[in-house]
Each structure stands twice: as structure tokens, then as C-alpha cells.
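Right, one structure below, let's go through it.
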Amino acid sequence: MADQGEVKLLKTWSSLFGLRVVWALKLKGIPYESVDEDLTNKSDLLLQYNPVHTKVPVLIHNGKPICESLVILEYIDETWSQNPPSLLPQDPIQRASARFWAKFMDEKALPSMWQAFTKKGREQEEGLASIAEKLKLLEAELEGKKFFGGEEIGIPDFALGWLVNLVPVFEEILGLKIVDEERHPSLSEWSRRISDIRVIEESWPPRDKLVTKWAAIRDHFLATARASSG
Amino acid sequence: MASNNGDVKLIGAWASPYVMRPRIALNVKSVEYEFLQEQFGSKSELLLKSNPVHKKIPVLLHNGKPICESSIIVEYIDEVWSSGPSILPSDPYDRAVARFWAAYLDEKWFPNVRAAPMAATEEAKNAAVEQLKEGLALLEGAYGEISKGEDFFGGEKIGFLDIAFGSMLGWLRAVQVILGGVKLLDEEKTPDLCKWAGKFSADPAVKDVLPETEKLLEFSKILMAKMKPASSS
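Shown next as C-alpha cells:
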């Protein structure tokens, strides 16, 4: 096997963006060293390697940093192109579609979910309506396919991974159903398929810790909103 | 020759920096295309059908198949017309760096180009201007590292990051005027970027599609009138 070089991943125990990179590295069988950051006390390593955003994840390959999870995923796919699976289809039209949906997950679906989760009252209702609309589009796109890219798992699936492990946590905290079998049969089936993948299933952060963390985040945002509204 | 490329159409508008990106990319590859301009203020049936998710320009139609999102379209053009000059660098690390900065421009920097002239308060305007200047300082540094002494981020010829950033030059120049002559690109603070901007604007793939500042200024008056409700002050 070709020399991997030294691979280090800066992430946190729960970062949904970091998880994507873990899956790519594990599925491709790339050995790496994992460093969990405390974002309230950012390491010198993080500040040095991601000075622009000071965010995780950061992949450090032979001392060179790559930042932004979707950029990292494409880097991994291109650098370890000999290691299956490919994270993007070969056909240019399908590649463009995979990239389009990955971008949609991050720029449209996730912010809608964030709004639904961190707000209350009318703003929350708008957030819930927005995520419902995004899920409808995703359900339509997924219909008849095993994964968003087709037969194989790929970058858009990684980008939606939070639907599988985090949305149930949000549902528990909010006391609301966001994804269900009836409205989202394809997404529900896809979620089960994702969870069946051993390296993904093994990577989920402990659910009880996630509930504690995210409940505190919601409380913080609601308190901030109350404070600023006087 | 044109028939080998298939049928290539681009839905867009002359003033949009995002639309400019695939236009430059198609020019780099010497691919002829039909430019279908949207009317300002309305969206054509073709646009709504081709990009039902976002209903936004640009949309590339290649043999009838739509490709959306400007950076994604540029990558598609580079992959399909692979015999032409390369747009993305060949090394995976250089590609990651180019994509990183393109994402930074779209997510963090360009929103301030639009926000600055529309700011409701002096404070908000100054904050947006500060962000723009900080971003340009970062890009000045990045240019030094990435260009390695050549003219462009892409090296000897324009590449992905040149296109991503350079497509915004028209509006950057217009906004400097709108803000009363504020220097964003500054010969003292960002000398390399000033030189780069001149070379980029003159590039054969760019010069016919980069709008003139005067035209953008006229257009911005229409835009601003549409966005701000009429007020008596």
C-alpha cells in the first residue's frame, strides 16, 4: 500500500462536521491520529492550522492543514483515490449533483434545523416549516436510490449524517417529531442503511452526552434571546 | 468543433458575479455557448424548471441537463472539457487550498460587499467595511503563498480561485465608489492584489464579461431602489 504519510484529525468528541471526516478516513482504511479539541480552550495546534476560522475539523496531512469538512472530504477522495470506496461518482453530471446536494445539506437543511432547535414561538415555527420543506426535497431526491449518489455512499450522505444521530436527540429535547416513516419513507430507510455501516455505527458519540450537551445549547440560546429582548 | 461540445446554454445575467464564473470558465476552454439572460425582476420558466430547488442563476444546461451553483458549474466545466487549459490545480493539496478560499469568499467575504452599501446605520456600514478590509488582507497573504511569484493564484494562467475572487472585482470597484471612495483594494495595504486585479481584468477570458464599473453603478441604483421601500426622508 502507498505510504499514507502522517495524518492527524483535529475535531471534538461530538462535532457533526468532524464525524464526516472520521467516516471517510475509516471507510478508506486510512490510519490517522485523532485529537479532540476543547473549543472553549483552543489548542495552539488549532489556532496555527486554521487561523482563518479557528474551527474543527482540520485534517493535517504531513504537516499541511486542510480546513472545511467538504473540502477535506474531496481532498481525502483525491489523495487516496486508490482506496475504495470513491466518495464521489465518476460521471461529471452525477458529481455535480452530489456536490450540489452536499452544499444543500450545509447551506439550507442544517440552518433550518438550527433555527427550529434554537428558537421558540413564531421563529421556531418558521424553522420547523423550513426543515419540513427541506426534508421533502431530500425525500424526493433520494427516492428509488440507496444513497444520494446512487448505489454507493458518498459525500452528500456524509453531509446529512446528522439526520441519523442528532435529529433523534433534537426530537427528544423538543418533544417533536421531525423525521417520520410516513412522510419520509426513503430517508428513514436511508438512515437505517447508514446506521448499518459498522464504522459509522461505531463512531456515534454517546447519546446521553449528546442530549445533555444539546439541551444546554438550546437553553443558552433561549436565555440569550430573552436577555436581548429585555 | 462546436457540435463536439454538445449543446451548451447558460442561464444568467450580465451583472451577476456568480454568473461570470462559468462564463470565464467556458471562455478559458474556448467553448461556445448560448447566453440566456434573465430579465431583472422576474424568473423565466426555463430557470424555474432547471433549478427548482434554489430558482437562482447561474444554471448551465449541457445537452439539456442542468448544473447549478457557480463553483460546482466551474468544476463541471473543468472536468468535462479536460483537454482545454486546466482550471483547478492538479495537486490535491493545491485544490483544497483553492476550494477553501473560494468557500471563504462566498460565505464570509462577499456578503459584506453586498451588505456595506445597504447598511442601515453608520456603525453597521463601518463594521462591514472592516470585515472586507480584513478579508482582503488575508487574501493578500494567501496570494503571496499560492501564486509562488506568478501572476495569478492559478500560476501562469488564471485558475479556480482567480475566477472565484476575480468575478467579484466589478462589484468591489462599484462599492468603493458607492461608499464615497473608500479604498478596499489599496496600493499600500494590498499591493499584490491590486496588480493581480489589473492582470485578471485584462485576461482574454475575462475582459468581455467583467462589467464596467459605471454600468454596475447605474444598475445598483435600480437594485437599491427596489430593495429599500420608498421613504419620505
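Here the protein sequences line up with chains A and B, keeping their order.
Position 214 of the first sequence, counted from 1, bears residue number 259 in our numbering, the numbering being contiguous throughout.
Position 137 of the second sequence, counted from 1, bears residue number 159 in our numbering, the numbering being contiguous throughout.
Glycine residues also receive a C-beta, built at the ideal position from the N, C-alpha and C atoms.
Through-space distance from residue j to residue i, alpha-carbon basis
{"i": "B/L160", "j": "B/Y115", "result": "19 angstroms"}
{"i": "B/E60", "j": "B/R45", "result": "15 angstroms"}
{"i": "B/I168", "j": "B/L245", "result": "36 angstroms"}
{"i": "A/K222", "j": "A/E246", "result": "22 angstroms"}
{"i": "A/E196", "j": "A/R144", "result": "16 angstroms"}
{"i": "A/E119", "j": "A/I200", "result": "8 angstroms"}
{"i": "A/M46", "j": "A/Y77", "result": "Confidence at A/M46 is low in this model, with a pLDDT of 43, below 50, so the placement of that residue is unreliable and no value is reported for it."}
{"i": "B/G34", "j": "B/K243", "result": "20 angstroms"}
{"i": "B/V151", "j": "A/E123", "result": "37 angstroms"}
{"i": "B/D230", "j": "B/L194", "result": "17 angstroms"}
{"i": "B/N49", "j": "B/S189", "result": "13 angstroms"}
{"i": "B/L154", "j": "B/N134", "result": "6 angstroms"}
{"i": "B/A24", "j": "A/L115", "result": "Caution is warranted here: a pLDDT of 49 is assigned to B/A24, below 50, making its placement in the model unreliable, and the coordinate value is therefore given only provisionally. Looking at the two C-alpha atoms, the distance is approximately 34 angstroms."}
{"i": "A/E234", "j": "A/L211", "result": "16 angstroms"}
{"i": "A/Q127", "j": "A/G166", "result": "51 angstroms"}
{"i": "B/E209", "j": "B/K217", "result": "9 angstroms"}
{"i": "B/A219", "j": "B/D113", "result": "25 angstroms"}
{"i": "B/S223", "j": "B/L232", "result": "7 angstroms"}
{"i": "A/L55", "j": "B/F241", "result": "46 angstroms"}
{"i": "A/K164", "j": "A/P156", "result": "12 angstroms"}
{"i": "A/L169", "j": "A/A268", "result": "Note that residue 169 of chain A is Gln in the sequence shown, not Leu. Approximately 15 angstroms, taken between the alpha carbons."}
{"i": "A/P253", "j": "A/I242", "result": "In the sequence under discussion, the amino acid at residue 253 of chain A is Asp, which differs from the Pro named in the question. The alpha-carbon atoms of A/D253 and A/I242 are separated by roughly 21 angstroms."}
{"i": "B/S254", "j": "B/V204", "result": "Bear in mind that the predicted position of B/S254 carries a pLDDT of just 45, short of 50, making it unreliable; the figure below should be weighed with that in mind. Approximately 28 angstroms between the Cα atoms of the pair."}
{"i": "A/R261", "j": "A/P250", "result": "In the sequence on display, residue 261 of chain A carries Ala and not Arg. The alpha-carbon atoms of A/A261 and A/P250 are separated by roughly 16 angstroms."}
{"i": "A/F149", "j": "A/K87", "result": "29 angstroms"}
Cβ pair residue i, residue j closer than 8 angstroms
{"i": "B/A137", "j": "B/L201", "result": "no"}
{"i": "B/L58", "j": "B/L82", "result": "no"}
{"i": "A/V101", "j": "A/S131", "result": "no"}
{"i": "A/L187", "j": "A/S231", "result": "yes"}
{"i": "B/A124", "j": "B/S93", "result": "yes"}
{"i": "B/F182", "j": "B/I109", "result": "yes"}
{"i": "A/L70", "j": "A/I105", "result": "no"}
{"i": "B/D29", "j": "B/N85", "result": "yes"}
{"i": "A/E204", "j": "A/A147", "result": "The identity of residue 204 of chain A in the sequence shown is Ala, whereas the question assumes Glu. Cβ atoms of A/A204 and A/A147: closer than 8 angstroms."}
{"i": "A/D202", "j": "A/F192", "result": "yes"}
{"i": "A/G206", "j": "A/R65", "result": "yes"}
{"i": "B/L215", "j": "B/L158", "result": "yes"}
{"i": "B/V323", "j": "A/L255", "result": "Given that chain B is displayed from residue 23 to residue 255, the structure contains no residue 323 of chain B and the question cannot be resolved."}
{"i": "A/P306", "j": "B/Y98", "result": "With chain A covering 46 to 275 only, the question about residue 306 of chain A has no answer from this structure."}
{"i": "A/F162", "j": "A/L219", "result": "yes"}
{"i": "A/S248", "j": "A/V67", "result": "yes"}
{"i": "B/D184", "j": "B/G171", "result": "no"}
{"i": "B/A47", "j": "B/D128", "result": "no"}
{"i": "B/Q198", "j": "B/L191", "result": "no"}
{"i": "B/T235", "j": "B/A196", "result": "yes"}
{"i": "B/K87", "j": "B/K77", "result": "no"}
{"i": "B/Y126", "j": "A/V103", "result": "no"}
{"i": "B/Y256", "j": "B/I79", "result": "Because residue 256 of chain B is not part of the residues shown, which for chain B are 23 to 255, the question remains open."}
{"i": "B/K179", "j": "B/P107", "result": "yes"}
{"i": "A/V209", "j": "A/I239", "result": "yes"}
Residues that residue i bridges to, as DSSP identifies them
{"i": "A/I111", "result": "A/L104"}
{"i": "B/G192", "result": "B/G192 pairs with nothing; no bridge assigned."}
{"i": "B/E56", "result": "B/K31"}
{"i": "B/H84", "result": "B/V30 and B/K87"}
{"i": "A/L55", "result": "A/V80 and A/V103"}
{"i": "B/G177", "result": "B/F174"}
{"i": "A/F192", "result": "A/G195"}
Residues of the segment 119 to 135 of chain A with Cβ closer than 8 angstroms to any Cβ of chain B, in chain order: Against chain B - using a Cβ distance shorter than 8 angstroms - the residues of the segment 119 to 135 of chain A are E119, Y120, E123 and T124.
Whole runs of the alpha helix (DSSP H) within the segment 202 to 232 of chain A, excluding any shorter than 4 residues: As far as the segment 202 to 232 of chain A is concerned, its whole alpha helix (DSSP H) runs of at least 4 residues are 207 to 210 and 212 to 219.
Residues in the segment 183 to 206 of chain A having any Cβ partner in chain B nearer than 7 angstroms: So nothing in the stretch comes that close.
Members of the segment 121 to 147 of chain B near chain A, C-beta cut-off 8 angstroms: Those residues of the segment 121 to 147 of chain B placed with their C-beta closer than 8 angstroms to a C-beta in chain A are R121, F122, A125 and Y126, ordered along the chain.
Short-range partners of chain B found in the segment 89 to 114 of chain A, where Cβ spacing is below 7 angstroms: Against chain B - using a Cβ distance shorter than 7 angstroms - the residues of the segment 89 to 114 of chain A are V97, K109, I111, C112 and E113.
Contact set between the segment 85 to 116 of chain B and chain A, restricted to residues whose Cβ is under 8 angstroms from the partner: Against chain A - using a Cβ distance shorter than 8 angstroms - the residues of the segment 85 to 116 of chain B are K87, I89, C90, E91, I94, I95, E97, Y98, E101, V102, P114 and Y115.
Sequence ranges, beta strand (DSSP E) only - wholly within the segment 70 to 103 of chain A, length at least 3: Complete beta strand (DSSP E) runs here, min 3: 78 to 81.
Interface residues of the segment 77 to 88 of chain A facing chain B [CB-CB below 9 angstroms]: From the segment 77 to 88 of chain A, no residue has a Cβ closer than 9 angstroms to chain B.
Members of the segment 159 to 190 of chain B near chain A, C-beta cut-off 7 angstroms: Shown in chain order are the members of the segment 159 to 190 of chain B whose Cβ falls below 7 angstroms from a Cβ of chain A: L160.
Contact list for the segment 217 to 235 of chain B against chain A, Cβ threshold 8 angstroms: Those residues of the segment 217 to 235 of chain B that come within reach of chain A (Cβ to Cβ, closer than 8 angstroms) do not exist; the list is empty.
Contacting positions in the segment 64 to 75 of chain B - beta carbon closer than 7 angstroms to chain A: Flagged, chain order: V75.
Residue ranges of each alpha helix (DSSP H) within the segment 236 to 274 of chain A, 4 or longer: Runs of the alpha helix (DSSP H) inside the segment 236 to 274 of chain A: 243 to 248 and 252 to 274.
Uninterrupted beta strand (DSSP E) stretches inside the segment 56 to 144 of chain B (no shorter than 3 residues): Runs of the beta strand (DSSP E) inside the segment 56 to 144 of chain B: 56 to 59, 81 to 84 and 87 to 90.
Interface residues of the segment 37 to 54 of chain B facing chain A [CB-CB below 7 angstroms]: Taking 7 angstroms as the upper bound on Cβ-Cβ separation, chain A lies near no residue of the segment 37 to 54 of chain B.
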